[in-house]
Amino acid sequence: SSTQTFKIAAIPGDGIGTEITQAAIQVLDKLAEVDGSFKFEYTNFDWSSKAYKERGWYMPPDGMAQLQKHDAIYFGAVGWPDVPDHISLWSLILPIRKDMNQYVNVRPTRILPGTRSPLSSCQSDPSTLDWIIIRENSEGEYAGQGGTTHENSPHTIATELAIFSRVGIERIMRFAFETAKARPRKKLTMVTKSNAQRHGMVLWDKVFYEVAEEYPDVEHDKMLVDAMTVRMVNNPESLDTIVATNLHADILSDLAAALSGSIGIAPSSNLDPTRKHPSMFEPIHGSAPDIAGKGVANPVGAFWSAAEMVRWLGQGKLDGTADKLMQAIENVTKAGVKTRDLAGNSNTKEVTEAVCREIGIVF
Ligand code: NAI
Ligand code: MG
């Protein structure tokens with residue numbers, strides 16, 4: 067029988083990004099070994115803020131071409147206190163998302179067994195909170211247009227231009243409706259701020275209702291982003307699939323992660339649905355300078371992202387394998403092997419080893 071090889075570009079980045087990427091590779095290798103139908107071949111890229119401080123660049127000029135040779139990208143985190151965050155973000159992660167046409171960012175949120183939501187309504191029934199946030203990942207508020215005039219003067223003017231294209235909105239809406247349709251509740255909530263922002267957000271609303279016509283079996287509704295934060299806290303069970311702009315979904319998904327127990331468990335997939343470019347998988351958290359180097363980072367968000375990478379690479383053939391990785395993670399949290407952000411007392415290495423052991427058992 068033939069073993070399929072997936073070429074992975076690993077970009078550990080900064081701080082706990084390096085710790086959790088190493089942990090994720092350990093878990094991925096264990097999964098491949100036990101499954102037997104595929105293996106991973108990694109190229110490690112040392113693109114980070116540390117490298118930038120030493121040599122003056124994050125990515126080499128042919129960086130995108132190097133990434134393009136891979137089936138997927140596994141990303142840790144980028145950013146460090148000695149480099150302004152807009153430089154680190156705009157030198158690495160944002161250009162990759164844009165150049166690789168990763169116009170969808172998928173962010174699932176659930177309460178894992180053995181963990182606790184700060185919401186009292188979720189404590190008796192954790193299934194109350196089970197969401198997928200679909201974030202527009204290529205334009206909107208993070209399009210990068212704008213400029214600064216009269217810099218370093220009392221009269222400085224800066225503009226930040228949000229870009230909303232019909233093509234960009236339509237494709238994210240279609241992806242969101244397809245996602246909602248594939249879930250048991252078939253329910254989609256669209257978020258904008260079309261009362262105060264009367265152009266781009268109004269186009270979002272318009273295209274949402276147009277695309278909705280193609281999905282009569284998906285129940286859909288619309289929320290303003292401010293009211294959405296209240297609904298997420300007070301009525302988590304009323305939500306299922308959520309679609310929002312780059313900025314809004316960035317913020318709402320951090321809130322979602324906190325409501326599910328910790329930002330340390332939250333995964334994300336940056337997808338190019340056309341599959342012309344490699345997609346990128348990363349936990350949603352950053353480099354966490356406050357805990358970096360201590361070996362205590364929660365690797366669960368990194369493992370969950372790894373499971374989503376396996377699902378994506380398998381194109382339907384490895385869903386069972388990805389589900390088994392999730393089962394292994396959940397068995398470990400249920401048994402109380404958790405890092406301190408989840409009120410546990412295990413370290414990164416202990417959680418990683420426990421998940422690897424559990425992978426051996428669930429298969
Ligand atoms: P952060 O996510 O790094 O940390 C926020 C808080 O959550 C910290 O107290 C941290 O200790 C905790 N935390 C995060 N991940 C954790 C984990 N896996 N286990 C346990 N605790 C965890 O966000 P922050 O502090 O705003 O940003 C730090 C740096 O990371 C900045 O330079 C920022 O620009 C960058 N960043 C990068 C991202 C990326 O690469 N996609 C995303 C978010 C931030
Ligand atoms: Mg964020």
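Numbering of the sequence shown is given in the working numbering, commencing with residue 67 and proceeding in unit increments. Just so you know, even glycine gets a beta-carbon here, dropped at the ideal spot from N, CA and C.
**Message:** Considering just the uninterrupted stretch of the beta strand (DSSP E) at TYR108, what are its terminal residues?
**Reply:** Residue numbering aside, residue 108 sits at position 42 when the sequence shown is read from its first letter. First-last of the beta strand (DSSP E) with TYR108: 104 to 110.
**Request:** Say yes only if the C-beta of TRP146 is nearer than 7 Å to one or more non-hydrogen atoms of the ligand NAI, and no if none qualify.
**Result:** If you number the sequence shown from 1, residue 146 lands on position 80. TRP146: yes, Cβ under 7 Å from the ligand NAI.
**LYS82 Cβ short of 7 Å to the ligand NAI heavy atom set** = By one-based count along the sequence shown, residue 82 stands at place 16. Checking the displayed sequence, the identity of residue 82 turns out to be Ile instead of Lys. Yes, Cβ of ILE82 sits closer than 7 Å to a heavy atom of the ligand NAI.
**Message:** For GLN168 and SER345, I'd like the C-alpha separation in whole angstroms.
**Reply:** Residue 168 sits at position 102 when you count from the first residue of the sequence shown. Residue 345 sits at position 279 when you count from the first residue of the sequence shown. Distance between the alpha carbons of GLN168 and SER345 is about 6 Å.
**Request:** With hydrogens ignored, establish whether the beta-carbon of LEU155 is closer than 7 Å to any heavy atom of the ligand NAI.
**Result:** As a working mapping, residue 155 is identified with position 89 in the sequence shown. Checking the Cβ of LEU155 against the ligand NAI gives yes.
**Prompt:** Per DSSP, what kind of secondary structure is LYS259 in: helix, strand or coil?
**Reply:** For the purposes of this step, residue 259 is taken as the residue at position 193 of the sequence shown. LYS259 falls in the coil class under three-state DSSP.
**Prompt:** Thinking C-alpha only, which one of ALA131, LYS105 and ALA143 is nearest PRO78?
**Reply:** Here residue 78 refers to the residue found at position 12 when the sequence shown is read from its first residue. Comparing Cα-Cα distances from PRO78 to each of ALA131, LYS105 and ALA143, the minimum goes to ALA143.
**Asked** Can you tell which of PHE369, ASP320, GLN132 and LEU185 has its C-alpha closest to the C-alpha of HIS343?
**Response** Translated into positions along the sequence shown, residue 343 becomes position 277. When only C-alpha atoms are compared, the closest one is GLN132.
**Prompt:** To which residues of the same chain is ALA209 closer than 6 Å at the C-beta, ignoring the five residues directly before and after it?
**Reply:** Locating residue 209 in the sequence shown gives position 143, where the first residue counts as 1. Closer than 6 Å at the Cβ level, and outside the excluded window around ALA209, lie ILE229.
**Request:** Could you name the residues of the same chain whose beta carbon sits closer than 6 Å to that of ASN312, not counting the 5 residues immediately before and after it, in chain order?
**Result:** Against the sequence shown, residue 312 aligns to sequence position 246. The residues are GLU202, GLY206, GLU207 and TYR208.
**Asked** Helix, strand or coil: which one does DSSP assign to ILE357?
**Response** Residue numbering aside, residue 357 sits at position 291 when the sequence shown is read from its first letter. Coil.
**Request:** Say whether the segment 408 to 422 touches the segment 362 to 373, bearing in mind that this needs 3 or more beta-carbon pairs closer than 8 Å, one atom from each stretch.
**Result:** yes
**Message:** With a threshold of 8 Å, are at least 3 pairs of Cβ atoms found where one atom belongs to the segment 291 to 308 and the other to the segment 373 to 386?
**Reply:** no
**Prompt:** When DSSP labels each residue in this structure, what does MET125 get in the three-state scheme?
**Reply:** Here residue 125 is taken as the residue at index 59 of the sequence shown, counted from 1. If DSSP states are grouped into helix, strand and coil, MET125 belongs with coil.
**C-alpha distance - LYS288 paired with ILE308, whole-angstrom precision** = For the purposes of this step, residue 288 is identified with residue 222 of the sequence shown, where counting begins at 1. For the purposes of this step, residue 308 is identified with residue 242 of the sequence shown, where counting begins at 1. Spanning the two alpha carbons is a distance of roughly 10 Å.
**Prompt:** Which partner residues of ALA184 appear in the DSSP bridge assignment?
**Reply:** Position 118 of the sequence shown, counting from 1, holds the residue named residue 184. The amino acid occupying residue 184 in the given sequence is Pro; Ala does not appear at that position. Per DSSP, none; premise fails for PRO184.
**Prompt:** Would you report the Cα separation of TRP180 and ASN397, rounded to the nearest angstrom?
**Reply:** Here residue 180 is taken as the residue at index 114 of the sequence shown, counted from 1. Here residue 397 is taken as the residue at index 331 of the sequence shown, counted from 1. Note that residue 180 is Gly in the sequence shown here, rather than Trp. Cα-Cα distance, rounded: 9 Å.
**Asked** Is ASN171 buried or exposed, if buried means 16 or more other CB atoms sit within 10 Å of its CB?
**Response** Looking up residue 171 in the sequence shown gives position 105. Buried is the call here.
**Asked** Taking PRO250 as the reference, which of PHE241, TRP197, TYR275 and GLN263 has the closest Cα?
**Response** By 1-based counting over the sequence shown, the position of residue 250 is 184. PRO250 has its Cα closest to that of TRP197, out of PHE241, TRP197, TYR275 and GLN263.
**Distance between THR222 and ARG182 (C-alpha atoms, nearest Å)** = As a working note, residue 182 is residue 116 in the sequence shown. As a working note, residue 222 is residue 156 in the sequence shown. Cα to Cα, the separation comes out at about 46 Å.
**Prompt:** When you compare only the Cα positions, how much space is there between VAL296 and SER187?
**Reply:** Translated into the one-based positions of the sequence shown, residue 296 becomes position 230. Translated into the one-based positions of the sequence shown, residue 187 becomes position 121. Between VAL296 and SER187, the C-alpha separation is close to 14 Å.
**Request:** Apply the 10 Å Cβ neighbour rule to ASP283 and answer buried if 16 or more other Cβ atoms are within range, or exposed otherwise.
**Result:** Counting from one through the sequence shown, the residue named residue 283 turns up at place 217. It is exposed - the Cβ of ASP283 has fewer than 16 other Cβ atoms within 10 Å.
**For ASP338 and LEU391, the rounded distance between their alpha carbons** = Locating residue 391 in the sequence shown gives position 325, counting from the first residue. Locating residue 338 in the sequence shown gives position 272, counting from the first residue. Approximately 23 Å between the Cα atoms of the pair.
**Asked** Sorry if obvious, but does the Cβ on ILE200 come closer than 7 Å to a heavy atom of the ligand NAI?
**Response** The count along the sequence shown starts at 1 and reaches residue 200 at position 134. Checking every heavy atom of the ligand NAI against the Cβ of ILE200, none is found closer than 7 Å.
**Item:** Reduced DSSP secondary structure (H/G/I, E/B, other) of LYS73
**Value:** Taking the first residue of the sequence shown as position 1, residue 73 is located at position 7. In the structure shown, LYS73 sits in a strand (DSSP, three-state: E or B).
**Message:** Counting C-beta neighbours from all protein chains within 10 Å, is the total for TRP113 16 or more, i.e. buried, or is it exposed?
**Reply:** On the sequence shown, residue 113 is found 47 positions in, with the first residue counted as 1. Buried, because 16 or more other Cβ atoms sit within 10 Å of the Cβ of TRP113.
**Prompt:** Should ALA363 be listed as close to the ligand NAI, given that the test is whether its C-beta is under 7 Å from any heavy atom?
**Reply:** As a working mapping, residue 363 is identified with position 297 in the sequence shown. Checking every heavy atom of the ligand NAI against the Cβ of ALA363, one is found closer than 7 Å.
**Item:** Beta-carbon proximity of SER371 to PHE347, cut-off 8 Å
**Value:** Along the sequence shown, read from residue 1 onward, the residue named residue 371 stands at position 305. Along the sequence shown, read from residue 1 onward, the residue named residue 347 stands at position 281. In this structure, PHE347 lies closer than 8 Å to SER371 by Cβ.
**Message:** Spatial neighbours of ASP95 within its chain, please: C-beta separation below 7 Å, excluding the five flanking residues on both sides.
**Reply:** Taking the sequence shown and counting its residues from 1, the one referred to as residue 95 is at position 29. Answer for ASP95: PHE106, listed in chain order.
**Request:** State the Cα-Cα distance for the pair THR215 and LEU227, rounded to the nearest angstrom.
**Result:** Position 149 of the sequence shown holds residue 215. Position 161 of the sequence shown holds residue 227. If I take the Cα positions, the gap works out to 14 Å.
**Prompt:** Straight-line CA distance for ASN261 to LEU290?
**Reply:** Indexing the sequence shown from 1 puts residue 261 at position 195. Indexing the sequence shown from 1 puts residue 290 at position 224. Near 8 Å, if we compare the C-alpha coordinates of LEU290 and ASN261.
**Prompt:** Between the Cα of GLN92 and the Cα atoms of VAL417, VAL428 and ARG163, which residue gives the shortest distance?
**Reply:** Your numbering for residue 92 matches position 26 in the sequence shown. GLN92 has its Cα closest to that of VAL417, out of VAL417, VAL428 and ARG163.
**Asked** Where does ASP316 fall in DSSP's three states?
**Response** Along the sequence shown, one-based indexing puts residue 316 at 250. Helix.
**Message:** Less than 7 Å between C-beta atoms, sequence neighbours within five positions excluded: which residues of the same chain meet that for ARG240?
**Reply:** Here the question's residue 240 lines up with position 174 in the sequence shown. The residues are VAL277.
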